[in-house]
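Structure first, commentary second.
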């Protein structure tokens, strides 16, 4: 069990904001941390890693990492940290990057094989693609066999195909190494595929905590098929109205009656919803 | 959007699939739903809703229909368009809207003041909010 109860004053773009997070995380859990930028997600990871000071306490499997009198040093915290921008040593080869953490050659070899980097182990990071670099930094984070793996938007700079591939690798590494993994992510599909629990931070506090389905499924009353969009236009056709709504990168049309149209204003944000029984689904 | 205030009468559940029945104006309504909010239980008052395009009309009907919701309503207004017609339907104190083709409206000779049956599939009925 990881018991976190930390407080820190953040100086963000919108002034001073208190970060206060109280959480218990079970050993082996895969937790996604989500929320708007500036809500304190990265700071929380850095506090766990010991890279930032904070008030309060952190206990990991009954061992005190932080309390009022004591703070375990960064080196002694059994943590692996993966950053969005890889943070590799550019002057070392892939293999040297891993062995810099611990001189455990068999483990380095095993990790490089799982992640299909074996053939690239004598290359330096600047000759690798984004996906390959991030694989190296994930492998490096696991070289210490960490109790906690912290991932700060590790896949957000990668293209969708590479993201899916690395998601699968992350999940199998998480299982093989039995780490407790905490990953900052904004991507609902990534959270749904990887995490067993999602925590939403807002203004430095836990706003929502539950399974991905409980937290991320947008519902409107009993309607499960629900999207937010912007009402772009509404046109009268015969005795009904057709509304044009922008959702993400797409436009959709919705038929509404005059009574429904009466309350709608162009430019407003609207929620489109229907029952889970209504939409048809086909392969692209 | 047509809305009706109704009271939950019964909930049948298989895994996360539910058939919820409601009472309203001495009529029984039924709704198909996936997971229900916890506060929805027997006796809960809810606002039910249905798209006007999902409400069909039957007149002088004899026979069997699979529609789980068959509401006795009276037509209070008809807006006849070239292709489509919008009917206002009085159901107790509630007003429902139905959008049907003008061809159907003419074929059935629907008129204001007439008593008809509003037909709604249970998969088209949903809870808008818990009251």
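Chains as they are written, first to last, in this note's numbering: chain A, 1 to 284; chain B, 285 to 415. Don't be surprised by glycine CBs; every beta carbon is placed ideally from N, CA and C.
Which residues in chain B have a C-beta closer than 7 Å to the C-beta of residue i? List them in chain order.
{"i": "residue 276(A)", "result": "318"}
{"i": "residue 234(A)", "result": "The contacting residues do not exist; residue 234(A) stays about 15 Å from chain B at best."}
Using the C-alpha atoms, what's the distance from residue j back to residue i?
{"i": "residue 239(A)", "j": "residue 365(B)", "result": "5 Å"}
{"i": "residue 328(B)", "j": "residue 291(B)", "result": "6 Å"}
{"i": "residue 65(A)", "j": "residue 121(A)", "result": "35 Å"}
{"i": "residue 114(A)", "j": "residue 146(A)", "result": "18 Å"}
{"i": "residue 89(A)", "j": "residue 141(A)", "result": "13 Å"}
{"i": "residue 62(A)", "j": "residue 2(A)", "result": "8 Å"}
{"i": "residue 401(B)", "j": "residue 335(B)", "result": "16 Å"}
{"i": "residue 332(B)", "j": "residue 408(B)", "result": "10 Å"}
{"i": "residue 135(A)", "j": "residue 78(A)", "result": "20 Å"}
{"i": "residue 38(A)", "j": "residue 53(A)", "result": "18 Å"}
{"i": "residue 105(A)", "j": "residue 56(A)", "result": "38 Å"}
{"i": "residue 351(B)", "j": "residue 383(B)", "result": "17 Å"}
{"i": "residue 10(A)", "j": "residue 321(B)", "result": "36 Å"}
{"i": "residue 318(B)", "j": "residue 216(A)", "result": "16 Å"}
{"i": "residue 344(B)", "j": "residue 377(B)", "result": "23 Å"}
{"i": "residue 152(A)", "j": "residue 85(A)", "result": "9 Å"}
{"i": "residue 186(A)", "j": "residue 34(A)", "result": "6 Å"}
{"i": "residue 361(B)", "j": "residue 313(B)", "result": "24 Å"}
{"i": "residue 236(A)", "j": "residue 242(A)", "result": "6 Å"}
{"i": "residue 276(A)", "j": "residue 22(A)", "result": "36 Å"}
{"i": "residue 354(B)", "j": "residue 398(B)", "result": "16 Å"}
{"i": "residue 225(A)", "j": "residue 265(A)", "result": "22 Å"}
{"i": "residue 202(A)", "j": "residue 32(A)", "result": "14 Å"}
{"i": "residue 18(A)", "j": "residue 44(A)", "result": "12 Å"}
{"i": "residue 200(A)", "j": "residue 347(B)", "result": "54 Å"}
{"i": "residue 110(A)", "j": "residue 181(A)", "result": "20 Å"}
{"i": "residue 301(B)", "j": "residue 316(B)", "result": "8 Å"}
{"i": "residue 157(A)", "j": "residue 82(A)", "result": "13 Å"}
{"i": "residue 372(B)", "j": "residue 380(B)", "result": "6 Å"}
{"i": "residue 298(B)", "j": "residue 218(A)", "result": "22 Å"}
{"i": "residue 76(A)", "j": "residue 132(A)", "result": "28 Å"}
Start and end of the beta strand (DSSP E) containing residue i?
{"i": "residue 402(B)", "result": "399-404"}
{"i": "residue 7(A)", "result": "2-12"}
{"i": "residue 62(A)", "result": "Where residue 62(A) is concerned, there is no enclosing beta strand (DSSP E), given that its DSSP letter is neither H nor E."}
{"i": "residue 415(B)", "result": "Careful: residue 415(B) lies outside any beta strand (DSSP E) and carries neither H nor E."}
{"i": "residue 205(A)", "result": "205-210"}
{"i": "residue 312(B)", "result": "311-317"}
{"i": "residue 202(A)", "result": "197-202"}
{"i": "residue 274(A)", "result": "269-274"}
{"i": "residue 18(A)", "result": "15-25"}
{"i": "residue 42(A)", "result": "Here residue 42(A) belongs to no beta strand (DSSP E); instead the alpha helix (DSSP H) covers 41-49."}
{"i": "residue 32(A)", "result": "30-34"}
{"i": "residue 305(B)", "result": "301-308"}
{"i": "residue 342(B)", "result": "340-342"}
{"i": "residue 332(B)", "result": "329-334"}
{"i": "residue 183(A)", "result": "180-184"}
Just curious, the alpha helix (DSSP H) that residue i is in, first and last residue?
{"i": "residue 290(B)", "result": "That residue, residue 290(B), is in no alpha helix (DSSP H); its beta strand (DSSP E) goes 286-298."}
{"i": "residue 194(A)", "result": "188-194"}
{"i": "residue 262(A)", "result": "258-262"}
Determine the chain A residues that contact residue i at a beta-carbon separation under 9 Å, and present them in chain order.
{"i": "residue 397(B)", "result": "Ordered by position in chain A, no residue passes the 9 Å Cβ test against residue 397(B), which lies about 20 Å from the chain."}
{"i": "residue 412(B)", "result": "220, 221, 222, 223"}
Name the chain B residues that come within less than 8 Å of residue i, Cβ to Cβ?
{"i": "residue 238(A)", "result": "365, 366, 367, 368"}
Which residues of chain E have a Cβ atom closer than 8 Å to the Cβ of residue i, listed in chain order?
{"i": "residue 407(B)", "result": "Considering every chain present, this structure includes no chain E. Its protein chains are A and B."}
Run down chain A in chain order and give the residues with a C-beta less than 8 Å from the C-beta of residue i.
{"i": "residue 381(B)", "result": "257, 259"}
Determine the chain A residues that contact residue i at a beta-carbon separation under 7 Å, and present them in chain order.
{"i": "residue 337(B)", "result": "255"}
Does the beta-carbon of residue i, which I'm using as the reference point, lie nearer than 7 Å to any heavy atom of the ligand GTP?
{"i": "residue 25(A)", "result": "This structure lacks the ligand GTP, and indeed carries no ligand of any kind."}
Next on the checklist: My parser needs the beta strand (DSSP E) runs of 3 or more residues fully inside the segment 72-145 of chain A; what are they?
Outcome noted: Within the segment 72-145 of chain A, the complete beta strand (DSSP E) runs of at least 3 residues are 79-82.
Item to check | Inside the segment 218-254 of chain A only - beta strand (DSSP E) runs reaching at least 3 residues | outcome: List check, beta strand (DSSP E) in window: 225-237, 240-247.
Next on the checklist: Quick check for students: name the residue ranges of the alpha helix (DSSP H) that lie wholly in the segment 150-175 of chain A, counting only runs of 4 or more.
Outcome noted: Within the segment 150-175 of chain A, no complete alpha helix (DSSP H) run reaches 4 residues.
Item to check | 3 or more residues per run - each beta strand (DSSP E) lying fully within the segment 349-405 of chain B | outcome: As far as the segment 349-405 of chain B is concerned, its whole beta strand (DSSP E) runs of at least 3 residues are 353-364, 368-375, 378-385, 399-404.
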